[in-house]
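Engineer: Going down the list, the sequences are from chains U and W.
One gets the numbering used here by counting positions in the first sequence from 1 and adding 310 to each.
One gets the numbering used here by counting positions in the second sequence from 1 and adding 115 to each.
Built from N, CA and C at the ideal position, the CB exists for glycine as well.
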Amino acid sequence: AQSVTQLGSHVSVSEGALVLLRCNYSSSVPPYLFWYVQYPNQGLQLLLKYTTGATLVKGINGFEAEFKKSETSFHLTKPSAHMSDAAEYFCAVSEQGGSEKLVFGKGTKLTVNP
Amino acid sequence: KAGVTQTPRYLIKTRGQQVTLSCSPISGHRSVSWYQQTPGQGLQFLFEYFSETQRNKGNFPGRFSGRQFSNSRSEMNVSTLELGDSALYLCASSLAPLALAYFGPGTRLTVT
Chain U
311 AQSVTQLGSH VSVSEGALVL LRCNYSSSVP PYLFWYVQYP NQGLQLLLKY TTGATLVKGI
371 NGFEAEFKKS ETSFHLTKPS AHMSDAAEYF CAVSEQGGSE KLVFGKGTKL TVNP
Chain W
116 KAGVTQTPRY LIKTRGQQVT LSCSPISGHR SVSWYQQTPG QGLQFLFEYF SETQRNKGNF
176 PGRFSGRQFS NSRSEMNVST LELGDSALYL CASSLAPLAL AYFGPGTRLT VT
């Protein structure tokens, strides 16, 4: 069975500082990996995805993530935080060749301090 | 191109009642999935439909059911509502199974 662990339910950074949100996954087959962002009272917006190929994936709003198979990780980073990045971030995994089902982590709430 | 539409956006029901939520996918998308989001359990998969057929079902009781119509619109129904069913219900659409999923804004269900 697949699972996702997001280390840190709350992360706080200063504006302009590096953002690092951690995600580790477990999957018995090659995974598809995703990061979604959720602003208050809204649905989920896709930031980036990894399917196959290049392991460094660039997404929207300056975010990127690197798939590291040996570490079963897919950490999300952004070099310089902006106030508008404050939101909740979810890492998700699905199976290559499997169903549409996404398995989500518990989420990390990012606070950006001025 | 219009996004995923979910109606209603907010709903208040009483224990024991039933409720139907609707999801209209992005035009051309034939796959629809439903998720329940609660503070305690997080995001959990409910169902997945493609071309009117349920392809996958999550670990929820039989009170939770769904269907998909020929125009790809989907509904989910919860019967005999319990307080624990209070949640944000999210619908996601994609061109096909395994393709990229786009989420709607959700329906906030409150059970009193």
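1) Please name the residue, chosen from LEU158(W), GLN151(W), CYS138(W), SER194(W), that lies closest to THR418(U) on a Cα-to-Cα basis.
2) Which residue's Cα is closest to the Cα of GLU190(W): PRO176(W), ASP200(W), ALA202(W), TYR164(W)?
3) For the beta strand (DSSP E) containing ARG182(W), list its first residue and its last residue.
4) Using beta carbons (cut-off 8 Å, strictly below), is SER419(U) in contact with chain W?
5) On the CB-based measure, 16 or more other CB atoms within 10 Å of its CB, does PHE184(W) come out buried or exposed?
6) Whose C-alpha, out of PRO424(U), SER324(U), LEU358(U), GLY353(U), is nearest the C-alpha of ALA207(W)?
7) Check whether chain U comes within 8 Å of GLU163(W), counting only Cβ atoms and requiring the distance to be less than that.
8) Which runs of the alpha helix (DSSP H), 4 residues or longer, sit entirely within the region 130-214 of chain W?
9) Between PRO123(W) and chain U, is there a C-beta pair that is closer than 8 Å?
10) For GLN352(U), which residues in chain W fall below 7 Å Cβ to Cβ?
11) For ASN351(U), which three-state DSSP category applies?
Structural biologist: Answer, in terms of the structure:
1) For the purposes of this step, residue 418(U) is taken as the residue at position 108 of the first sequence. When each option's Cα is compared against that of THR418(U), the closest is LEU158(W).
2) Taking the second sequence and counting its residues from 1, one reaches residue 190(W) at position 75. Answer by Cα proximity: TYR164(W).
3) Counting from one through the second sequence, the residue named residue 182(W) turns up at place 67. Counting along the chain, the beta strand (DSSP E) containing ARG182(W) begins and ends at 179-183.
4) The residue labelled residue 419(U) in the question sits at position 109 within the first sequence. The sequence shown places Lys at residue 419(U), not Ser. Judged by the 8 Å Cβ criterion, LYS419(U) is not in contact with chain W.
5) Residue 184(W) sits at position 69 when you count from the first residue of the second sequence. Exposed.
6) Within the second sequence, the letter at position 92 stands for residue 207(W). When each option's Cα is compared against that of ALA207(W), the closest is GLY353(U).
7) Position 48 of the second sequence, counting from 1, holds the residue named residue 163(W). By this cut-off, GLU163(W) is an interface position.
8) none
9) Position 8 of the second sequence, counted from the start, is the residue given in the question as residue 123(W). False, the Cβ-Cβ gap to chain U never drops below 8 Å.
10) Within the first sequence, the letter at position 42 stands for residue 352(U). Chain W residues near GLN352(U): PRO220.
11) Indexing the first sequence from 1 puts residue 351(U) at position 41. It is coil, neither helix nor strand.
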